[in-house]
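As structure tokens, the structure follows; a few thoughts come after it.
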Amino acid sequence: MLAAEFLEKQALRLARRHARFANLSWRSAQLDDAPLGPVCGLIQNAWRRAYGGRISIAYRPALLRLARACAGHGGLATFAEDENGVCAAALGLPLDMDLPAGTGPVTLTTGFCTSAEHEKSGLVELLLARHSLACIQAGHAFSLHWRAGAGAVRATTKPTLSHAVPVPLHAKPLDCALAARHGQLSPWQGLGLRWLALRHPAGGRPPAGMELEPVTADNAASAASFLNACQKERSLRRHFTAETLSRRCTWSEDGIMGAGWALTAHGRTMGVLYGYVNPVSEGHGYFSLDGAVFDPGLTPGQARRALSAVEGMLRRQYGCFAVMVPGSACGLPLERMGYIPVRRYHAGAVDYQAVAGLTVESLGELLLELR
0 MLAAEFLEKQ ALRLARRHAR FANLSWRSAQ LDDAPLGPVC GLIQNAWRRA YGGRISIAYR
60 PALLRLARAC AGHGGLATFA EDENGVCAAA LGLPLDMDLP AGTGPVTLTT GFCTSAEHEK
120 SGLVELLLAR HSLACIQAGH AFSLHWRAGA GAVRATTKPT LSHAVPVPLH AKPLDCALAA
180 RHGQLSPWQG LGLRWLALRH PAGGRPPAGM ELEPVTADNA ASAASFLNAC QKERSLRRHF
240 TAETLSRRCT WSEDGIMGAG WALTAHGRTM GVLYGYVNPV SEGHGYFSLD GAVFDPGLTP
300 GQARRALSAV EGMLRRQYGC FAVMVPGSAC GLPLERMGYI PVRRYHAGAV DYQAVAGLTV
360 ESLGELLLEL R
């Protein structure tokens with residue numbers, strides 16, 4: 000468990016080592032009060048420097064406001080400013096968790112970056128220390144994080160976990176030509192996408208005797224209850240309410256469009272799928288599937304048909320050229336359903352309070368979207 004005293008000493012040591020940091024102005028604020036525009040611009044510029052034109056998460060103020068609308072607390076942003084404005088930032092996106100009374104809030108930490116002038120200067124290390132210290136001072140319980148790459152998994156059950164659980168990111172093309180272009184694929188890879196699409200076509204009808212209904216304010220309560228009930232056996236659980244799930248599935252701002260569906264049979268909820276349209280260029284976007292949870296009584300074939308029906312609606316109604324989903328958001332055998340593993344991440348956690356049940360095993364079961 001990270002201690003405030005340790006972080007204070009670390010931040011002071013880093014500041015003394017780098018004299019140029021003395022002129023920086025530091026601030027932490029909830030997302031509602033943070034300068035989201037400059038922070039998002041900083042993240043986008045850092046991505047372009049590192050990866051060029053590769054497909055990315057659309058870090059826009061609208062996406063951060065969506066994250067804020069889907070939780071009961073305000074999250075946390077830590078940022079530094081120099082004479083040119085925001086030059087370093089870290090985001091703690093709020094998550095609602097089912098934890099014992101008295102436990103602090105939980106965030107998903109993302110967006111760690113600096114401006115080009117401060118790259119490889121040690122500012123990221125100082126930012127990490129200051130953001131963790133801000134989380135402790137705000138009474139947070141722990142933060143989750145994603146790391147790219149295939150680093151070794153640390154086999155430990157200690158509270159502070161880094162690179163704890165490997166999670167594949169899967170993608171499925173819905174429009175092969177657009178997916179190949181935006182994915183910067185070779186002609187041979189494009190042919191592979193077409194073969195995959197022919198073998199695993201998107202669309203079709205839901206399983207026999209079942210219907211897919213959009214999640215709205217009218218059915219969000221039953222959908223949220225279903226999501227909570229399906230996690231009861233897990234030691235680390237997300238918490239959904241009708242209000243936050245309804246906002247998540249009906250959100251629309253600056254090209255960020257939330258969507259969700261409930262799979263029902265004779266009035267009973269048998270599955271819930273939700274996510275948002277991530278714009279990539281003007282008029283083109285992929286769907287980030289943040290959660291796909293099914294009743295344990297469904298057969299794999301029924302779940303596969305439900306997901307395929309949703310894929311068809313994403314192409315027809317939202318114009319999505321692909322679906323992207325991390326393994327932590329869907330427990331189905333995605334590689335048997337036309338999905339390609341495109342990258343490997345690790346999900347980890349850093350705890351600021353003693354939290355029972357925060358282990359490698361519980362992280363591996365957690366329903367978690369990629370940000």
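Residue numbers (numbering that gives the first Met the number 0): 0 to 370. Virtual Cβ for every residue (Gly too), placed ideally from N, Cα, C.
On the DSSP bridge list, what partners appear for residue i?
i, result
"His144", "Thr108, Gly347"
"Arg26", "Phe78"
"Gly259", "Tyr273"
"Leu288", "Gly274"
"Pro206", "According to DSSP, Pro206 bridges with nothing at all."
"Leu211", "Leu262"
"Leu168", "Pro325, Arg342"
"Thr268", "Thr263"
"Cys319", "Gly284"
"Ser251", "Met256"
"Phe293", "Gly270"
When the Cα atoms are used, what is the spatial distance from residue i to residue j?
i, j, result
"Ala10", "Pro205", "55 angstroms"
"Ala219", "Thr240", "8 angstroms"
"Gly91", "Phe141", "10 angstroms"
"Ser120", "Gly36", "24 angstroms"
"Cys248", "Asp294", "20 angstroms"
"Trp46", "Asn83", "19 angstroms"
"Glu235", "Ala163", "The question names Glu, but residue 235 in the sequence shown is Leu. Those two C-alpha atoms are separated by around 15 angstroms."
"Glu334", "His169", "8 angstroms"
"Arg246", "Pro332", "29 angstroms"
"Thr108", "Leu127", "10 angstroms"
"Gly296", "Phe320", "31 angstroms"
"Lys157", "Phe5", "With a pLDDT of 44 at Lys157, under the threshold of 50, the modelled position of that residue is not reliable, and no figure is offered here."
"Leu192", "Pro278", "21 angstroms"
"Ala308", "Arg237", "26 angstroms"
"Gln230", "Leu366", "9 angstroms"
"Ala261", "Leu75", "31 angstroms"
"Thr155", "Arg314", "Any answer about Thr155 is weak, because its pLDDT of 45 lies below 50 and its placement is not dependable; what the coordinates show is given next. The alpha-carbon atoms of Thr155 and Arg314 are separated by roughly 42 angstroms."
"Glu281", "Ala291", "27 angstroms"
"Arg48", "Leu65", "26 angstroms"
"Ala176", "Ala302", "27 angstroms"
"Ala28", "Thr243", "22 angstroms"
"Asp289", "Ser327", "9 angstroms"
"Ala149", "Gly208", "Caution is warranted here: a pLDDT of 48 is assigned to Ala149, below 50, making its placement in the model unreliable, and no coordinate value can be reported."
"Ala100", "Gly138", "13 angstroms"
"Arg67", "Trp145", "19 angstroms"
"Val105", "Ile135", "11 angstroms"
"Ala79", "Ala70", "25 angstroms"
"Trp187", "Glu232", "45 angstroms"
"Gly311", "Leu272", "14 angstroms"
"Gly110", "Asp174", "29 angstroms"
"Arg267", "Gly257", "23 angstroms"
With the cut-off set at 9 angstroms, would you say residue i and residue j are in Cβ contact?
i, j, result
"Trp250", "Tyr285", "no"
"Gly337", "Ala201", "yes"
"Thr77", "Arg129", "yes"
"Ala147", "Leu122", "no"
"Ser125", "Val85", "The sequence given here has Leu at residue 125, not Ser. No, they are not a contact pair."
"Met323", "Val341", "yes"
"Ala33", "Asp253", "no"
"His345", "Gly318", "no"
"Asp95", "His117", "no"
"Gln352", "Gly51", "no"
"Leu132", "Ala21", "no"
"His181", "Ile54", "yes"
"Pro172", "Ala196", "yes"
Tell me the residue span of the alpha helix (DSSP H) that contains residue i.
i, result
"Val354", "First-last for Val354: undefined, no H or E at that position."
"Val123", "122-136"
"Ala115", "Premise fails: Ala115 is in no alpha helix (DSSP H) and is neither H nor E."
"Phe5", "3-16"
"Glu364", "359-364"
"Phe225", "219-228"
"Ala178", "175-181"
"Tyr58", "Per DSSP, Tyr58 belongs to no alpha helix (DSSP H) and is neither H nor E."
For the beta strand (DSSP E) that contains residue i, what are its first and last residues?
i, result
"Leu94", "84-94"
Is it the case that the CB of residue i approaches a heavy atom of the ligand ADP more closely than 8 angstroms?
i, result
"Thr298", "As presented, the structure is devoid of all ligands, the ligand ADP included, so that no description of it is given."
Discussion item. Contact between the stretch 355-362 and the stretch 208-228 is defined here as three or more beta-carbon pairs at a separation below 8 angstroms; is this criterion met?
Written reply: The answer is no - the stretch 208-228 does not touch the stretch 355-362, with fewer than three Cβ pairs under 8 angstroms.
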